[in-house]
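Here the protein sequences come in this chain order: A and B.
For the first sequence, numbering that gives the first Met the number 0 gives the first residue as 0, with consecutive numbering after it.
For the second sequence, numbering that gives the first Met the number 0 gives the first residue as 0, with consecutive numbering after it.
C-beta atoms are modelled at their ideal positions from N, C-alpha and C, and glycine is treated no differently.
Bear in mind that the values here come from a model prediction, so they are computed numbers and not experimental data.
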Amino acid sequence: MNGYIIRRNMRYFVLHLFLMSVAVTCLFPLFYMIRCSVMDNQTIFTDKGILPSVVNFGNYATAWVDGNFGTFFFNSMLYTTSVVIGIVVISSMAAYAFSRLSFPGRDWFYYMFVIAMMIPLPGSFVPLFVLMNKLHLTNTKIGYILCMINVGLSLSVILLKTFFDKMPSDLEDAARIDGCTKWQIWWNVALPLARPAVAVIVIFNALNVWNEFILAQLLLSEEVHMPLQVGLMKFINVHTVNYPIMMAGLTIAAVPIILLYLAMQKHIIKGLSSGAVVG
Amino acid sequence: MAKRQKMSSIKLADISENYLFILPAVIIFAIFYIYPFIDIINLSLHEWKGIGPKVFVGLRNFKELMSDKIWWKSIWNATYITLWALTFQNVLAFMLALACDREIRFKKFYRVVFFIPPVLSQVVVGLIWRWILNAGKQDGQYIGLLNHLLDSIGLHHLTNDWLSDPATALTCIAIVHCWMGFGWGFIMLLAGLQTIDKQLYEAAKVDGASSWSTFWNVTIPMMVPVILVVVILTVLGSMQAFILVLSMVGQGLVHHTDVPVTRILGAMQGTKEFGYACAMGVNFAIILIAVSALMKMGSNKLKQA
Numbered sequence: 000m001n002g003y004i005i006r007r008n009m010r011y012f013v014l015h016l017f018l019m020s021v022a023v024t025c026l027f028p029l030f031y032m033i034r035c036s037v038m039d040n041q042t043i044f045t046d047k048g049i050l051p052s053v054v055n056f057g058n059y060a061t062a063w064v065d066g067n068f069g070t071f072f073f074n075s076m077l078y079t080t081s082v083v084i085g086i087v088v089i090s091s092m093a094a095y096a097f098s099r100l101s102f103p104g105r106d107w108f109y110y111m112f113v114i115a116m117m118i119p120l121p122g123s124f125v126p127l128f129v130l131m132n133k134l135h136l137t138n139t140k141i142g143y144i145l146c147m148i149n150v151g152l153s154l155s156v157i158l159l160k161t162f163f164d165k166m167p168s169d170l171e172d173a174a175r176i177d178g179c180t181k182w183q184i185w186w187n188v189a190l191p192l193a194r195p196a197v198a199v200i201v202i203f204n205a206l207n208v209w210n211e212f213i214l215a216q217l218l219l220s221e222e223v224h225m226p227l228q229v230g231l232m233k234f235i236n237v238h239t240v241n242y243p244i245m246m247a248g249l250t251i252a253a254v255p256i257i258l259l260y261l262a263m264q265k266h267i268i269k270g271l272s273s274g275a276v277v278g
Numbered sequence: 000m001a002k003r004q005k006m007s008s009i010k011l012a013d014i015s016e017n018y019l020f021i022l023p024a025v026i027i028f029a030i031f032y033i034y035p036f037i038d039i040i041n042l043s044l045h046e047w048k049g050i051g052p053k054v055f056v057g058l059r060n061f062k063e064l065m066s067d068k069i070w071w072k073s074i075w076n077a078t079y080i081t082l083w084a085l086t087f088q089n090v091l092a093f094m095l096a097l098a099c100d101r102e103i104r105f106k107k108f109y110r111v112v113f114f115i116p117p118v119l120s121q122v123v124v125g126l127i128w129r130w131i132l133n134a135g136k137q138d139g140q141y142i143g144l145l146n147h148l149l150d151s152i153g154l155h156h157l158t159n160d161w162l163s164d165p166a167t168a169l170t171c172i173a174i175v176h177c178w179m180g181f182g183w184g185f186i187m188l189l190a191g192l193q194t195i196d197k198q199l200y201e202a203a204k205v206d207g208a209s210s211w212s213t214f215w216n217v218t219i220p221m222m223v224p225v226i227l228v229v230v231i232l233t234v235l236g237s238m239q240a241f242i243l244v245l246s247m248v249g250q251g252l253v254h255h256t257d258v259p260v261t262r263i264l265g266a267m268q269g270t271k272e273f274g275y276a277c278a279m280g281v282n283f284a285i286i287l288i289a290v291s292a293l294m295k296m297g298s299n300k301l302k303q304a
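Below, the structure written as structure tokens:
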């Protein structure tokens with residue numbers, strides 16, 4: 000019996016050793032980034048201790064003002080919030096119609112979104128860039144926002160439509176009998192009831208927009224419009240040697256998304272898990 | 000007659016109101032998805048420098064592509080990254096999922112931590128690793144953490160210019176890609192494992208099956224559908240990965256780390272060959288669709304068996 004317990008404990012020990020080492024591998028680069036962001040341009044090369052001997056938060060101020068990361072940060076915030084709001088409103092309207100209203104060609108329009116979801120189209124940024132040029136929407140915030148709404152649209156429509164299909168329509172029927180218009184039912188009844196699906200859409204699109212790089216890089220060449228990801232790449236190509244400032248910039252770009260993730264991780268894992276089991 | 004007309008006009012108004020619900024989505028989709036979709040095929044049949052007249056050249060871009068060694072090399076590079084992701088990343092993810100599929104302490108902690116790399120942007124991840132793998136020296140000391148560590152534990156001969164050396168650059172990118180990606184596989188595989196009825200395991204135990212044979216005869220067959228989803232998503236995701244390449248090594252003149260999407264970007268931004276860039280995009284899309292169709296067919300066979 001004793002041998003059994005020892006063997007079981009050994010097994011748990013090995014298991015935790017394995018899991019812990021992977022967890023450390025996940026966290027260490029982030030720790031290292033923050034460590035380097037509080038050093039200066041001398042100590043970063045000489046100080047090899049695991050914790051920096053001198054902590055200097057001035058890099059953040061330098062990055063924020065001189066590195067223009069303040070502007071990049073607010074642009075990223077603006078893009079993320081406006082695209083997410085746009086996607087939730089537009090996709091929930093469409094999904095509600097696909098699920099509850101009837102009109103000729105309804106299924107065809109819906110299949111269009113499903114097929115778009117399934118066809119990989121690498122390099123679609125080339126014709127998109129050409130189009131935006133034609134429409135004079137390059138180097139405008141609205142142009143980039145519209146492009147990013149389109150990026151998240153298909154998946155959001157499909158997710159919400161699936162959710163509406165499973166949702167009982169009793170409350171909506173009651174609202175209709177009480178004389179609500181379709182718009183009132185969509186906004187006041189159906190959308191609040193679909194909150195779990197909306198949460199998943201909000202989080203995944205927020206992650207996606209905050210982290211998006213290629214379209215932003217192609218469409219926005221002026222610094223006043225750039226989001227963080229493009230600003231970072233521009234920074235490293237110009238100031239290749241100023242590592243502490245760059246690490247501060249990386250931290251500014253990484254921390255909000257990690258906080259959002261930690262606050263919302265239940266929804267994220269639930270969303271992904273259900274996707275895996277259904278898919 | 001008048002009544003019927005009134006009825007039908009009410010119905011018409013009703014239906015057109017329903018169309019209003021999908022109108023914004025359809026307009027955005029038509030402008031930003033369908034139009035570029037048609038235009039990429041159209042442009043791939045032209046020679047065009049981004050400005051000036053477009054010259055229709057038929058399939059010439061595609062013929063040139065067939066003998067474009069750098070293009071096929073870039074497809075091989077993407078395949079190489081994908082092979083790393085399919086083996087190293089997914090086996091690791093599966094092992095971690097198996098380890099977490101039980102009553103174990105810190106389970107929540109592991110689940111939260113393993114999914115941190117996937118939520119970061121590829122720019123941030125690439126730039127952090129670029130700094131860790133830095134090969135520069137200052138006052139005779141290595142700047143980059145990896146070389147410094149190797150040097151300080153006496154493995155000086157292993158230090159390397161990781162991201163410039165053609166022998167290691169692509170592998171470094173592939174490993175960082177796996178570092179970013181295993182969290183996805185872990186979450187999906189763990190969700191799959193948790194749907195397996197625990198009674199099956201108990202029945203196997205009662206029958207005297209070893210844990211190894213339980214794994215092969217109960218766990219794996221039950222997991223086939225989820226594994227297939229993970230495999231297909233891994234292939235599609237890894238073949239199209241390119242931002243890590245840009246953030247870790249940049250778009251150099253050397254092609255040993257080029258992947259198809261960086262080639263498309265290079266043709267578009269560098270030499271301004273928009274038609275050729277679109278032909279690459281169409282060619283690559285066809286390859287990806289063919290690969291996923293093959294995998295779909297294979298998976299249907301597996302499910303029947």
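Among the options, the one whose alpha carbon lies nearest that of residue i
i, options, result
"R99(A)", "T139(A), C146(A), L190(A), A22(A)", "L190(A)"
"K140(A)", "R175(A), L218(A), S90(A), I114(A)", "L218(A)"
"A276(B)", "L145(B), L19(B), I40(B), Y34(B)", "I40(B)"
"K197(B)", "D38(B), A284(B), P116(B), R101(B)", "R101(B)"
"M38(A)", "E171(A), N149(A), V54(A)", "V54(A)"
"L136(A)", "L258(A), I267(A), A215(A), Y11(A)", "A215(A)"
"A92(B)", "M187(B), I21(B), A292(B)", "M187(B)"
"T123(B)", "P243(A), I268(A), L29(A)", "Reading off the sequence, residue 123(B) comes out as Val, not Thr. If we check each option's Cα against that of V123(B), L29(A) comes out closest."
"G57(A)", "G248(A), L271(A), L170(A), S272(A)", "G248(A)"
"Y34(B)", "S90(A), R10(A), S123(A)", "S123(A)"
Spatial distance of residue i from residue j (CA atoms)
i, j, result
"G278(A)", "K136(B)", "The predicted model places G278(A) with a pLDDT of 41, which falls under 50 and marks its position as unreliable, so this point remains unresolved."
"H15(A)", "P165(B)", "37 Å"
"D160(B)", "G280(B)", "32 Å"
"N74(A)", "G57(B)", "42 Å"
"A22(A)", "S81(A)", "34 Å"
"P220(B)", "F112(A)", "33 Å"
"G85(A)", "V150(A)", "12 Å"
"V228(B)", "L301(B)", "13 Å"
"I148(A)", "S155(A)", "10 Å"
"A93(A)", "N17(B)", "9 Å"
"A96(A)", "I157(A)", "12 Å"
"M116(A)", "F28(B)", "12 Å"
"F61(B)", "Q268(B)", "19 Å"
"A205(A)", "V197(A)", "12 Å"
"A98(B)", "Y79(B)", "28 Å"
"I213(A)", "K10(B)", "46 Å"
"Y59(A)", "A253(A)", "13 Å"
"T81(B)", "M246(A)", "29 Å"
Partners in chain A for residue i, counting only beta-carbon separations shorter than 9 Å
i, result
"Q121(B)", "N210, F212, Q228"
"W161(B)", "Ordered by position in chain A, no residue passes the 9 Å Cβ test against W161(B), which lies about 15 Å from the chain."
Contacts of residue i in chain A (Cβ-Cβ under 7 Å)
i, result
"Y34(B)", "L130"
Where residue i falls, given that 16 or more other Cβ within 10 Å makes a residue buried
i, result
"K279(A)", "Because chain A is modelled from 0 through 278, residue 279(A) falls outside the range shown and cannot be assessed."
"E272(B)", "buried"
"A84(B)", "buried"
"V13(A)", "exposed"
"M296(B)", "exposed"
"K181(A)", "buried"
"V223(A)", "exposed"
"Y141(B)", "buried"
"M65(B)", "exposed"
"W211(B)", "exposed"
Contacts that residue i makes with chain B (C-beta to C-beta distance below 8 Å)
i, result
"L14(A)", "A98, I103"
"A22(A)", "F108, Y109, V112, F113"
"I89(A)", "P23, A24, I27"
"I257(A)", "I115, V118, L119"
"I141(A)", "By Cβ distance, chain B contributes nothing, its closest Cβ being about 12 Å from I141(A), past 8 Å."
Partners in chain A for residue i, counting only beta-carbon separations shorter than 8 Å
i, result
"L199(B)", "Those within 8 Å of L199(B) in chain A number zero; the least Cβ separation is about 17 Å."
"I152(B)", "Ordered by position in chain A, no residue passes the 8 Å Cβ test against I152(B), which lies about 13 Å from the chain."
According to DSSP, residues forming a beta bridge with residue i
i, result
"H45(B)", "F55(B)"
"Y32(B)", "Looking at the DSSP assignment, Y32(B) forms no beta bridge with any residue, so it has no partner."
"K136(B)", "Y141(B)"
Interface residues of chain B facing residue i [CB-CB closer than 9 Å]
i, result
"P121(A)", "M238, Q239, F241, P259, V260, I263, M279, G280, F283, A284, L287"
"F282(A)", "Not covered by the structure: residue 282(A). The range shown for chain A is 0 to 278."
Contact list for residue i against chain C, beta-carbon separation under 9 Å
i, result
"L95(B)", "The structure shown contains no chain C; the protein chains it does contain are A and B."
Proximal chain B residues relative to residue i, where beta-carbon distance stays under 7 Å
i, result
"P243(A)", "What P243(A) touches in chain B: nothing, since even the nearest Cβ is about 11 Å away."
"C25(A)", "V112, F113, I115, P116"
"F102(A)", "I14, N17, Y18"
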